[in-house]
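Participant: The sequence shown maps to residues 12 to 343 in my numbering.
Glycine is no exception: its CB is placed at the ideal position from the N, C-alpha and C atoms.
The structure is given below, and queries will be raised subsequently.
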Amino acid sequence: MSTFLFKTKEINYTPVSNVFIDKFMPKARGEFVKVYILGLKYCKSGEFGVSSQIMASALHLLETDVLNAWNYWNDENVIKMIPVDNMGNYNIEFLDLTDREIEKEDNINLLEELSKNSIKDMLEDIEKSMGRPLSSKEMTMYISWLNDLNFSPEIILLLVQYCTLKGKTNSRYIERTAMSWFDAKIKDINDAQIFIKKHEDKWIKIRKILNYLGIKDGEVMKPQEELLSKWTESYNFSLEIIYKACDICFQRINKADFKYIDGILTSWNKDKIKTLEDIEKKDVKKSNYTNFKNTNKGAENKNSKGTFNNFKQRDYDFKDLEKKLLGWDKND
12 MSTFLFKTKE INYTPVSNVF IDKFMPKARG EFVKVYILGL KYCKSGEFGV SSQIMASALH
72 LLETDVLNAW NYWNDENVIK MIPVDNMGNY NIEFLDLTDR EIEKEDNINL LEELSKNSIK
132 DMLEDIEKSM GRPLSSKEMT MYISWLNDLN FSPEIILLLV QYCTLKGKTN SRYIERTAMS
192 WFDAKIKDIN DAQIFIKKHE DKWIKIRKIL NYLGIKDGEV MKPQEELLSK WTESYNFSLE
252 IIYKACDICF QRINKADFKY IDGILTSWNK DKIKTLEDIE KKDVKKSNYT NFKNTNKGAE
312 NKNSKGTFNN FKQRDYDFKD LEKKLLGWDK ND
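Encoded structure:
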């Protein structure tokens with residue numbers, strides 16, 4: 012029997028997928044690309060884990076930039092970012108991009124479509140809104156929405172303007188927004204405006220809560236955004252109720268903790284609390300119950316202690332008792 016020993020050597024380079032370079036890197040922010048490549052290096056070199064502080068220091072970035080980068084790549088389906096606890100720790104899984112389905116090219120004749128004034132005007136307005144020329148791929152995408160999503164040129168232009176006003180100009184984000192509008196069954200400008208107002212109202216509330224907590228929009232991660240949406244939409248709490256929960260959180264643990272605040276609001280939602288007066292009533296009721304319990308406990312202790320002390324002792328004539336015990340009473 013023979014034994015074959017292989018000499019292993021750690022590779023001193025990091026393999027980056029050509030799909031990532033061609034498809035994802037060009038439209039991503041530079042700091043996001045840095046985070047991806049450094050994370051890939053740690054992964055391929057067998058590093059067990061690394062903190063956001065170390066990555067930020069190595070790349071001369073803020074820790075929030077590192078977190079935002081991982082969230083971006085997770086949204087782009089380049090990695091899987093899975094929470095492992097409530098302390099802000101995550102498992103990062105790099106996905107195999109070579110198996111990514113190649114996007115199908117639509118059979119659209121651009122020259123023919125650009126000869127139509129309505130489409131040409133739409134694309135020119137989109138370019139003005141974005142402040143840059145459109146690629147042929149982007150033009151094809153917008154034109155395909157006219158048939159595939161049954162959007163009018165006016166709706167497509169409004170959608171692009173809505174995204175650019177939010178500072179989101181990459182085609183992937185705009186495409187996801189278009190699909191959410193399609194799922195919401197938006198058919199005309201009126202439907203689109205109602206949809207925008209509903210979502211803007213939501214974010215106005217969220218921004219006010221974040222400002223109250225001293226947190227910037229860019230520092231909010233997806234799990235935190237889901238909690239904020241739950242408080243404002245599912246629980247339908249007013250801002251003053253949410254502020255009150257934040258105040259209680261600060262008073263008890265001296266920091267902003269989303270899980271702690273969520274625990275308070277979940278309890279209030281269960282108790283059907285909707286106003287500050289409801290909170291005061293609950294606190295008074297709880298205080299009265301505590302006082303009643305303490306009073307009863309004190310009374311029980313007093314009664315148990317006083318039972319012996321309050322016992323009425325009998326009066327004895329000890330000289331007479333002594334005579335009886337010695338039998339002297341019979342000699343009298």
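#1: Could you pull the DSSP bridge partners for K216 from this structure?
#2: Given this structure, state the Cα-to-Cα distance separating F248 from A256, to the nearest angstrom.
#3: Going by Cα to Cα distance, which pick from R187, I119, E135, K208 is closest to L157?
#4: In three-state terms, what does DSSP make of Y184?
#5: CA-CA distance, A351 and E42?
#6: Pull up the distance between the alpha-carbon of D117 and that of M190, whole angstroms please.
#7: Write down the C-beta distance between I207 and Y184 rounded to the nearest angstrom, noting that I regard them as a contact closer than 8 Å.
#8: Do E87 and F162 have their C-beta atoms within less than 9 Å of each other?
#9: For the segment 219-229 and the segment 187-202, state whether three or more C-beta atom pairs, one from each stretch, are separated by less than 8 Å.
#10: Given a cut-off of 9 Å on the beta-carbon distance, is the pair F105 and I90 in contact?
#11: Taking the Cβ atom as the reference point for each residue, do A80 and V46 lie within a distance shorter than 9 Å?
#12: Using 8 Å as the Cβ pair cut-off and three pairs as the minimum, do the segment 235-251 and the segment 274-282 touch?
#13: By how many angstroms is the C-alpha of E138 removed from the C-alpha of L145?
#14: Please list, in chain order, all residues of the same chain as D273 whose beta carbon is under 7 Å from its beta carbon, the five residues on each side excluded.
#15: In angstroms, rounded to a whole number, what distance separates the CA positions of K193 and D212?
#16: Which residues in the same chain as K293 place their Cβ atom closer than 6 Å to its Cβ, once the five residues preceding and following it in sequence are excluded?
#17: Rounded to a whole number of angstroms, what is the C-alpha to C-alpha distance between L51 and T25?
#18: Who are the near neighbours of I130 in its chain, counting only those whose CB is closer than 8 Å to its CB and skipping five residues on each side?
#19: Quick one: what does DSSP say E114 is sitting in, helix, strand or coil?
#20: Under DSSP, the beta strand (DSSP E) around M92 begins and ends at which residues?
#21: Between D136 and L168, what straight-line distance do the alpha-carbon atoms span, to the nearest angstrom?
#22: Under DSSP, the alpha helix (DSSP H) around F43 begins and ends at which residues?
#23: Taking just the CA atoms, how far does M141 sit from T180?
#24: With DSSP as the reference, please indicate the residues paired to Y254 in a beta bridge.
Facilitator: Per the coordinate set shown:
#1: In the DSSP output, where bridge partners are listed per residue, K216 has none listed.
#2: Approximately 11 Å, taken between the alpha carbons.
#3: For L157, the closest alpha carbon among the candidates R187, I119, E135, K208 is that of I119.
#4: Note: Y184 maps to helix in three-state DSSP.
#5: Given that the chain is displayed from residue 12 to residue 343, the structure contains no residue 351 and the question cannot be resolved.
#6: The predicted model places D117 with a pLDDT of 48, which falls under 50 and marks its position as unreliable; any figure quoted below should be read in that light. So the alpha carbons of these two residues sit roughly 17 Å apart.
#7: Contact flag wrong, Cβ pair sits at about 15 Å.
#8: Note that the C-beta distance between E87 and F162 is not below 9 Å.
#9: The segment 219-229 is not in contact with the segment 187-202.
#10: For F105 and I90, yes; Cβs fall inside 9 Å.
#11: A contact, by the Cβ cut-off of 9 Å.
#12: Segments in contact, yes.
#13: A straight-line Cα-Cα distance of about 6 Å links L145 and E138.
#14: L238, listed in sequence order.
#15: Just to set this straight, residue 193 is Phe in the shown sequence, not Lys. Each residue's alpha carbon lies about 20 Å from the other.
#16: Cβ neighbours of K293 beyond the five flanking positions: none.
#17: Approximately 7 Å, taken between the alpha carbons.
#18: Taken in chain order, the residues that qualify are E124, I154, L157, P164.
#19: Caution is warranted here: a pLDDT of 48 is assigned to E114, below 50, making its placement in the model unreliable, and the coordinate value is therefore given only provisionally. Correct three-state label for E114: coil.
#20: If you look at M92, you'll find it in the beta strand (DSSP E) that goes 90-94.
#21: Computed Cα separation, rounded: 7 Å.
#22: Where F43 is concerned, the enclosing alpha helix (DSSP H) stretches over 41-55.
#23: Taking the straight line joining both Cα atoms gives about 7 Å.
#24: In DSSP, Y254 forms no bridge with anything.
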